[in-house]
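Chains as they are written, first to last, in the numbering used here: chain A, 40 to 418; chain B, 40 to 418; chain C, 201 to 489; chain D, 201 to 489. Glycine included, each C-beta is placed from N, C-alpha and C at the ideal position.
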Amino acid sequence: MNLHEYQARELLKEAGIAVPDGDVADTPEAVEKIAERLGGKVVVKAQVHAGGRGKAGGVKLADTAAEAKEHARAILGMEIKGLTVEKVLVAPAEDIATESYVGVIVDRESQRAVVMVSPEGGVDIEEVAAKTPEKIFKVAVDPRYGLLAHEAMGLAFELFDDIKLVRQAAGIISKLYQVFVSSGASLIEINPLVSTPEGTVKALDAKLGVDDNELGRKPKIEALRDLSSEDPSEVDAREAGLSFIKLDGNVGCCVNGAGLAMATMDLVKYYGGDPANFLDIGGSSNPQKVVTALEIITRDKNVKAILFNIFGGITRCDDVANGIVTALDQTEIKVPLVIRLTGTNEAEGIKILEDRGLSALTDMDDAVEKAVAMAKEAA
Amino acid sequence: MNLHEYQARELLKEAGIAVPDGDVADTPEAVEKIAERLGGKVVVKAQVHAGGRGKAGGVKLADTAAEAKEHARAILGMEIKGLTVEKVLVAPAEDIATESYVGVIVDRESQRAVVMVSPEGGVDIEEVAAKTPEKIFKVAVDPRYGLLAHEAMGLAFELFDDIKLVRQAAGIISKLYQVFVSSGASLIEINPLVSTPEGTVKALDAKLGVDDNELGRKPKIEALRDLSSEDPSEVDAREAGLSFIKLDGNVGCCVNGAGLAMATMDLVKYYGGDPANFLDIGGSSNPQKVVTALEIITRDKNVKAILFNIFGGITRCDDVANGIVTALDQTEIKVPLVIRLTGTNEAEGIKILEDRGLSALTDMDDAVEKAVAMAKEAA
Amino acid sequence: MSIFIDEKTKLVVQGITGRDGSFHSSQMIEYGTQVVAGVTPGKGGQKFEDKVPVFNTMAEAVEATGANASVIYVPATFAADAIIEAGDADVALIVCITEGLPVQDMTRVIPFLAERNIRLIGPNCPGLISPGKSKVGIIPATICAEGRVGLVSRSGTLTYEIVHQLTTSGIGQSTCIGIGGDPIIGTNFIDCLEAFQADDETDAIVMMGEIGGTDEQKAAEYVAANVTKPVVGFIAGQTAPPGRRMGHAGAIISGSAGTAAEKMEAFRKAGIGVMERPADVVKLIKERL
Amino acid sequence: MSIFIDEKTKLVVQGITGRDGSFHSSQMIEYGTQVVAGVTPGKGGQKFEDKVPVFNTMAEAVEATGANASVIYVPATFAADAIIEAGDADVALIVCITEGLPVQDMTRVIPFLAERNIRLIGPNCPGLISPGKSKVGIIPATICAEGRVGLVSRSGTLTYEIVHQLTTSGIGQSTCIGIGGDPIIGTNFIDCLEAFQADDETDAIVMMGEIGGTDEQKAAEYVAANVTKPVVGFIAGQTAPPGRRMGHAGAIISGSAGTAAEKMEAFRKAGIGVMERPADVVKLIKERL
């Protein structure tokens, strides 16, 4: 789950990291008021989960509160990479001496959190990493000790020479790591971290992605979720404990297990079809999940056939069969169903389906071929 | 530094540990009001830094608010082990099913914090440890991981069988360890940890000793210091950065280094004298410390001679000599001074003393013998 | 032989009284796995299926039974604690079936186990089975057969699919192991390749990878340098869009890195037989045996 | 030989530009210690006394100079961080002079260093000197003389007192080491006894203990079992009242444990010559050499 900039900066502020004054608003009038309070010279920034806001015209400088209001009128409601801007952040325009980058990510290779800094801030850090990797400095944090004081200082010395700036930056780096841990982040960034001509180091922009698996124990973070910024079907799927991603094809897929779900999509393609979605009903499924899954898949009007590919392990075939039967009882499904069912409690599952007049295949290739053919027929 | 019970329970409460309702008061009238609010049936507990309050009559049960007021009248102002009771805690009288002990100390042997529990609560834990050591259960905490969830559960299972009580106790043990860490404690105890007939686990009494070396970075804890409960000379000494303990003899001692200070006291005894104090002016001394040290020593009217025993290392003899000279300039010292000065900048120090008409010895035994003799002469 | 588990494996089930824990404990017992104890706090003293003693803590369970392995079916919030408890109780192997562990929990678990030299398989994995010897986890035993092909996979049900294809074609397995779909896992492809290479009852190896990360690429390098037995491989997620997490927390293409194409290319370079679809496994293995 | 330091010791001074750090660095340099670098954040690039390079970090200092030891003079609040920084820079020996370190900081420092197999001396200690070879810390060099008696002490200035008594009586020292007066320290009596026993330039050992804890009792047991060289010992605090901390955080009699009488009795039982007062050291050592 991604936080908006205004939410992330609030978390940084609570942790004691210097962030510029400012506030969030959803009307031009509110923007004007904030801009007045901040003295008129402000930056108005679209709050959407998308990179490249600046290039898309979602970040504008204003010299007066009236101008800020005009900018807000233009930015609020605009679309950036398919997402509608509902809110803007209004912050004072800062005098900037230097721009750096500070971030913490979970690194698969070292199996640790890695703190990264670069004196090349304010630009796309992946580009810096690709073109001038020597300008990125990293520390893989030993979680048993946390980020050590000298590690933060060492990184800060890569950004500044003046000890006063170094100490401020080291403090920010340490606190950023603390926020990373306390918020259950998988990624946290300050880009740019700026120094002002007066010698203050501040976080000018912040980005925070939270590990979805942390949300259950971090209700305060979970409460920051902005459902309006997500696809409604994906929201419903998540709430039902399903993993769903909408795609452009016409073969709806309902599979247990992410690997098998991907392999099923690949096989649909292999047999000349096009998957309409990725959908993993997860392990330990209960029948209700299957009901919801069918409901979400059938919402997509492109779907011409639905393929169930279930290999029972911790998921039991009888649970899935019960779910299918219940779903059919509740709503009429207008597209053909192809069901492949094997593994744990396979016999029980097939019996349940047969009792309802449904049949099931046991071979994956057979089922996929059949579903692709049926979708083509219906199209 | 020790906290009062009412201060310690406040810290536990902040950490989410269940403590009974209640409040602190310093007049019988305020006690009566609190007791009324709590329904009359309360316990009135003297707040002093001394064990055995109960035996000394400092803890009384009351059935009514009026009775609580009477008890408060008796307890406030009473002396327990030489300490005057200035405040009492008023808490509801609890129904108690079981009493246990939970504590965390810094253990020299394992070089770790050790969490200890015992189902024998409400009594002196050192007695339990001496008589029935098998009733004490310990975990030495690896500071790299903190107290682990299963360690807290394992300890809680030594106190209770009912899983509901076990989980409450495990939560309290984990939080107690957190308070131990966050407060910079060297000792923290809940004794007794009680369970009520309704199945709630609560901290009925709390004790917290803080490592003095933590106070500099824990201003909130430092602010809890109750100067009225300490010897004024020891307070002054601490504020000047000196380590001072008043004793009963007549040879005032001013030494640099704790080991040498103890050895000096021992040698005073060896030569038939009696040390009036332990006083370590510490390493890296500045002259002002010496001035304060002399001022504190001379406050004690028993002192008949003052012995300086300085072996310069990080402490420089010239600093000490300057301090002695400054002190003599500021106040008249009426008892004889015997000064032993050797080590770092010895020549400079002796020169400073000689310029002021003072002489210095270089042998410790000579200096101690002389000081003992002078004190005897003056007595 | 086999890898990681065999008939001498003495297993504790953490969370034995839960829905999944009890179901799969029964299945493991039925298969012949030595399930010597279960752990559920507060249920110490009970017996599972009238024969397996249940303890309040792992320490008690291991002390009483001499168990050398554990399998974890507890909810995600408690799973890291359960792994650490098992580690402290000093079993040699921990298999964590639970999915949904916060990745930061895993960063703390990994060094804890490394210090104790304990192997973790998973989390978010189906466990492993050495057909005819022992099963730890949830892989359906009925689809397996004794034999000489080793299988390692980042996925759960896709593993079953492949095992099923092998078995129905008369190809048995030495050990089938699902290493889990999370970004941070205890045992990776290389650990398994090394063990299969050393196992004299394994003649060929099947590797089931997926998009995200670089483990398959590193494994391919390892195969080229160290594995003399034939290896065939598959990568799931050829049709996955970049930047979207495909169910598994680890299955995500970041920028242009971690794609199926890249991984299949690494396989080819290392001389690994690349399956276009799961069903290819039979043909590719038969060609190489 | 000598223990822990000698002419090959290449030292970094952490906090070289502070009041104490600079004073004692000069003294160490004057004594002939190889002070190869200093560290003060923000003063990197400067030179101490026009010759010793100052660095911003320990990592830079060690990389540039090949230092194998560090001594710490930074304020108490930063001292644990300084120890850890030195540990990460992988010096073999760290001597922490600073007093007033929170004991909980020490509980974190100890395992960090143990993992790296690094020796810490102190904190709250005067350091050590191997007369004629090297001095690390603050023991005044003028009171020492080359010789064959090893000295280990929990105290600072009391150490000087004893060294002074030895030297003025013509008894030189192999190494004099103050291990510090805190409850948790890096190097204890037994570590030093073991090293002195193994050192072929040490003929006899002086141990200066004090009230509090059980280190002296354990050291006495160690002496009885493992030390063949003559040992004499002293315990400071015979007149100390129980329950009061005598300056040193570690010098406190808890209940009836940790008294001077108890420790002196343990010394006697182990065959250690017990000094009644510091000046006895000369007689007792002479009797045993």
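Alpha carbon to alpha carbon, how far is Glu421 of chain D from Ile405 of chain D? 15 Å
Since Ile202 of chain B meets chain C, which of its residues come closer than 7 Å, beta carbon to beta carbon? Pro241 and Gly242
Could you check if Val330 of chain A is buried or exposed, using at least 16 other CB atoms within 10 Å of its CB as the buried criterion? buried
In the DSSP assignment, what are the bridge partners of Lys285 of chain A? A:Asn316
Proximity test, Cβ basis, 8 Å: Asp288 of chain C and chain B: yes
Beta carbon of Gln214 of chain C nearer than 8 Å to that of Ile272 of chain C: yes
Between the Cα of Ala424 of chain D and those of D:Met408, D:Gly471, D:Ser454 and D:Thr402, spot the shortest distance and give me the residue it belongs to. D:Gly471
Can you tell which of A:Ala366, A:Val377, A:Val127 and A:Glu173 has its C-alpha closest to the C-alpha of Val290 of chain A? A:Val377
What is the DSSP secondary structure of Val167 of chain B, reduced to helix, strand or coil? helix
What does Gln214 of chain D pair with, by DSSP beta-bridge criteria? D:Val239 and D:Ile272
Rank A:Gly90, A:Leu51, A:Gly288 and A:Arg395 by C-alpha distance to the C-alpha of Glu229 of chain A and give the top, closest one. Note that residue 229 of chain A corresponds to Ile in the displayed sequence, not to Glu. The option with the nearest alpha carbon to Ile229 of chain A is A:Leu51.
Between which residues of its own chain and Phe219 of chain A is the CB-CB distance below 6 Å, once the five residues before and five after are set aside? Val143 and Ile227
Could you pull out every unbroken alpha helix (DSSP H) segment of at least 4 residues lying fully inside the stretch 358-393 of chain D, listed in chain order? none
Is the stretch 333-346 of chain C touching the stretch 305-320 of chain C, taking contact as three or more C-beta pairs under 8 Å? no
Assigned secondary structure, Tyr422 of chain C (DSSP; H/G/I helix, E/B strand, else coil): helix
Report yes or no: is there a C-beta of chain A within less than 8 Å of the C-beta of Leu301 of chain C? yes
Going along the stretch 230-264 of chain A in order, which residues come within less than 9 Å of chain E, judged by CB to CB distance? Here the protein chains are A, B, C and D, and chain E is not one of them.
For Lys208 of chain D, does the three-state DSSP call read helix, strand or coil? coil
What would DSSP say about Val374 of chain B, mapped onto helix, strand or coil? coil
Neighbour flag for Met446 of chain D against chain A, beta carbons, 8 Å: no
With a cut-off of 8 Å, does the C-beta of Lys308 of chain B fall near any C-beta of chain D? yes
Do you know how far the Cα of Ile452 of chain C is from the Cα of Leu351 of chain C? 23 Å
What are the partner residues of Ile227 of chain A, as DSSP defines its beta bridges? A:Val143 and A:Leu247
Would you kindly work out how many angstroms separate the C-alpha atoms of Pro59 of chain B and Gly443 of chain D, rounded to a whole number? 31 Å
Between the CA atoms of Pro241 of chain C and Lys64 of chain B - distance to the nearest angstrom: Position check: residue 64 of chain B holds Ala in this sequence, whereas Lys was assumed. If you take the alpha carbons of Ala64 of chain B and Pro241 of chain C, they lie about 43 Å apart.
Could you check what DSSP says for Glu385 of chain B in three-state terms: helix, strand or coil? helix
Cα-Cα separation, Glu75 of chain B to Gly298 of chain B: 54 Å
Any idea if Lys203 of chain A is buried or exposed, counting beta-carbon neighbours within 10 angstroms, 16 or more meaning buried? exposed
C-alpha distance - Ile413 of chain C paired with Val254 of chain C, whole-angstrom precision: This sequence places Gly at residue 413 of chain C; Ile is not what is there. Going from the Cα of Gly413 of chain C to the Cα of Val254 of chain C covers about 39 Å.
Length of the line joining the Cα atoms of Glu462 of chain C and Val431 of chain C: 18 Å
Neighbour-count burial assignment, Ala262 of chain A, 16 or more Cβ in a 10 Å radius: exposed
What are the partner residues of Val295 of chain C, as DSSP defines its beta bridges? C:Val271 and C:Ile321
Per the DSSP calculation, Asn256 of chain C is bridged to which residue(s)? According to DSSP, Asn256 of chain C bridges with nothing at all.
For Tyr231 of chain D, would you say it is in contact with chain B, using Cβ-to-Cβ distances shorter than 8 Å as the test? no
Looking at chain B, which residues of the stretch 254-275 of chain C have a Cβ within less than 8 Å of any of its Cβ atoms? Asn256, Thr257, Met258 and Ala259
Output, in chain order, the set of chain A residues within a Cβ distance shorter than 8 Å of Asp281 of chain D. Leu187, Ala188 and His189
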